[in-house]
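K.L.:
So the sequence shown is numbered by this note's numbering: it starts at 2 and just counts up by one. Glycine included, every Cβ here is placed at the ideal spot set by N, Cα and C. Sharing a structure here in structure tokens format.
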Amino acid sequence: MRSTAWGAYKGIAEALRARLVGGEFQPGDVLPSEAAFVAEYGVARNTMRRALAQLAEEGLITTQPGRGRLVNAPGRHSEPAQPQYQRIAAELRAQIESGELAAGAKLPSESGLVALYGVARGTARQALAALQDVTVSVQGKGRFVKPR
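As structure tokens, this is what we get:
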């Protein structure tokens, strides 16, 4: 087992900050994975997470569930990203509340949501599960809007 120098995350955060400011990563780019950075810097995963958390606190990067860590535009501090399943569920809920999806209407299937939103099947499943209060699932048939 190898130990990392105390406060090594600060040096890594500084190096990554220089790379971000220097333009190696453009606004909107997805950063390499934690595992890739761990291999590159030769540190423990927790050390890398602390460095990335510091950059997030400074507003240089944003974590988006299902996408990874994205580079923010200079001077732009973004709000924490809403998980994709919540965004999808909110869009479907708005369609239900507006009447676009009327009582008895069939919701898109998990596969349909995967294709429509470009998300993982588990994300689509979570979105549909978040709508249990306004939908009903019929075995073998799909999910439908509940009558009001």
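Is the number of C-beta pairs between the region 47-67 and the region 8-19 that are closer than 8 Å three or more?
P.N.:
In short, these stretches touch, since the Cβ pair count reaches three.
K.L.:
Is it the case that the Cβ atoms of residue 32 and residue 13 are separated by a distance below 8 Å?
P.N.:
Contact flag unset, no.
K.L.:
Using CA atoms only, rank isn't needed, just tell me which of 40, 128, 41 and 47 is closest to residue 87.
P.N.:
It is 128.
K.L.:
Look at the Cβ atom of residue 132, then the Cβ atom of residue 94, and state whether they are nearer than 8 Å.
P.N.:
Contact flag set, yes.
K.L.:
May I ask you to report which of helix, strand or coil DSSP gives residue 147?
P.N.:
Coil.
K.L.:
In the DSSP assignment, find the beta strand (DSSP E) that holds residue 65 and state where it starts and stops.
P.N.:
Its beta strand (DSSP E) spans residues 62-65.
K.L.:
In the DSSP output, what is residue 31 paired with across the bridge?
P.N.:
In the DSSP output, where bridge partners are listed per residue, residue 31 has 71.
K.L.:
Report buried or exposed for residue 8, applying the criterion of at least 16 other Cβ atoms within 10 angstroms of its Cβ.
P.N.:
Flag for residue 8 reads exposed.
K.L.:
Assuming residue 10 contacts residue 64 (C-beta within less than 8 Å), just tell me the rounded distance between them.
P.N.:
About 16 Å separates the two Cβ atoms, so there is no contact after all.
K.L.:
With a cut-off of 8 Å, does the C-beta of residue 74 fall near any C-beta of chain D?
P.N.:
Among the protein chains of the structure shown there is no chain D, as only one such chain exists.
K.L.:
Output the distance between the C-alpha atoms of residue 121 and residue 43, rounded to the nearest integer angstrom.
P.N.:
The straight-line gap from Cα to Cα measures roughly 31 Å.
K.L.:
The beta strand (DSSP E) with residue 138 in it runs from where to where?
P.N.:
Looking at the DSSP string, the run of the beta strand (DSSP E) that includes residue 138 is 136-139.
K.L.:
Can you tell me which of 117, 112 and 29 puts its alpha carbon nearest to the alpha carbon of residue 126?
P.N.:
When each option's Cα is compared against that of residue 126, the closest is 112.
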